[in-house]
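Single-structure report; data block below.
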Amino acid sequence: MTSESVQPMSGPSRRALVAAVGAAGLTVALTACGSGDEASDPSTEQGAGGGATNEESGSSTGAGAGDAALAKTTDIPVGSGKIFKDEKVVVSQPTAGEYKAFSTVCTHRDCPMVDLKDDIISCTCHGSQFSILDGSVKKDPAVKPLEPKQITVNGDSITLA
Ligand code: FES
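Residue numbering for the sequence shown is 2 to 162, as defined by our numbering.
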């Protein structure tokens, strides 16, 4: 008699059903997160990149148009030169009609140089000396020659290229 009331035990099947629903819910949540991230990123990057490229090309065109002369050829003595502090450049004239330009930043430890005597520019930081006619080192501790700079001579005006 009492054995009949023990029959309805559907406990294990209910647990299995709850577990299955829980797993399905997790799968749906993970899929939603993944697709959301992929959709938003590429569109933002493309928009920013296109704008920056346009601005760069516009500004470089404007800088090329305003080519103010650095010096007149008559300002540069033959066998010597002249320092342009603001531009950190020295322009020299090794032989009549031949012009060269070099950076006035010392190649030893980057001190700006403003001391020019004849064809020698000197660094007051540690005593290096350079020829402004070819940029070569004349006195250490510097070992690298001066960095050459591009100039353009047009008539009697010299401009930095
Ligand atoms: S920085 Fe010019 S000699 Fe050292």
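Idealized CB from N, CA, C, for every residue including glycine.
The alpha-carbon of T75 is positioned some 11 Å away from that of G156. For A97, same chain residues with a beta-carbon under 6 Å away, outside a window of 5 residues either side, are V79 in chain order. In the three-state reduction of the DSSP assignment, D76 falls in the helix class. Short note on G136: C-beta not closer than 7 Å to any heavy atom of the ligand FES. Under DSSP, L161 shares a beta bridge with I152.
In the structure shown, the three-state DSSP call for A102 is strand. Secondary structure at P146: coil, using DSSP grouped into helix, strand and coil. With 16 or more neighbouring CB atoms inside 10 Å of its own CB, G136 falls in the buried class. Assignment of V90 by DSSP, reduced to helix, strand and coil, places it in the strand class.
Here S132 carries a strand assignment [DSSP, helix/strand/coil].
In this structure G128 is exposed. Its beta-carbon is surrounded by fewer than 16 other beta-carbon atoms within 10 angstroms. Each of K118, I152 and F131 was checked against the Cα of P146, and the nearest Cα belongs to F131. Short note on S93: C-beta not closer than 7 Å to any heavy atom of the ligand FES. Secondary structure of P95 (DSSP, three-state): coil.
Boundaries of the beta strand (DSSP E) harbouring L117: D116 to K118, taken from the DSSP string.
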